Structures are given as structure tokens and as C-alpha cells.
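So the sequence shown is numbered by the working numbering: it starts at 790 and just counts up by one. Working notes for the structure below.
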Amino acid sequence: MTEHDRNAAAYWSANLRLIVGSLIVWALVSYGGGILFRPLLAGISVGGTDLGFWFAQQGSILTFIALIFFYAWRMNKLDKEFGLHEE
790 MTEHDRNAAA
800 YWSANLRLIV
810 GSLIVWALVS
820 YGGGILFRPL
830 LAGISVGGTD
840 LGFWFAQQGS
850 ILTFIALIFF
860 YAWRMNKLDK
870 EFGLHEE
């Protein structure tokens, strides 16, 4: 295996870890906060409604948007780390 192949495999592995981590966070917030943990979050009030409802309606969307920016930021760092950044 050449140095280029090892570098490409390490880059792809780091990219997959980032993708899987982001999907886990998104799933936990979307399904966990909105569906599974809703009874636990029902007593906490945010914006005039309970936190479980807020996660189902707003929190999952805002988390998804934050994950998009986090992914772009982290991929830029990975690109620079592996010498693939844009000039």
C-alpha cells in the first residue's frame, strides 16, 4: 500500500467518523428529544410549551442546521490536515 493510499484511507475513515457522529447526534435530538424523551421533558417549559414539543418542532431543525455548519467547518479542517484544502 502506497503512502497516497494510506492517506486516502485515513481521510475517508475520518470523514466516515464525522458523518456517523453527526447522524447519531441528529437521530438522538430528532427521535430522542421529540419522541422517546418527551414524557421526561414535558415538565420543562420553553417558549410557552414543553421542551419535548419544542424539540419535535424546532430543536431538531435547528440542530440539523447547526450540524451542517459543524460538518462544513470540520471537513475544512480535515481537508487542510490531509493537504486537500482549497486555495
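Just so you know, even glycine gets a beta-carbon here, dropped at the ideal spot from N, CA and C. Remember, predicted model here, so these are calculated numbers, not experimental data.
| Residue from Ala799, Thr791 and Ile813 whose Cα sits closest to the Cα of phenylalanine 853 | Nearest neighbour of phenylalanine 853 by Cα position, chosen from Ala799, Thr791 and Ile813, turns out to be Ile813.
| Roughly how far, in whole angstroms, is the beta-carbon of leucine 867 from the beta-carbon of tyrosine 800, given that I think they are within contact range, below 8 Å? | Contact flag correct, Cβ pair sits at about 7 Å.
| request: Report the three-state DSSP secondary structure of threonine 838 (helix, strand or coil). | output: If DSSP states are grouped into helix, strand and coil, threonine 838 belongs with the strands.
| request: Could you please give the first and the last residue of the uninterrupted alpha helix (DSSP H) stretch that includes methionine 864? | output: Residues 849-870.
| field | Enclosing alpha helix (DSSP H) for valine 814 [first to last residue] | value | From DSSP, the alpha helix (DSSP H) with valine 814 extends over 792-816.
| According to DSSP, is phenylalanine 844 helix, strand or coil? | Of the three classes helix, strand and coil, the one that applies to phenylalanine 844 here is helix, per DSSP.
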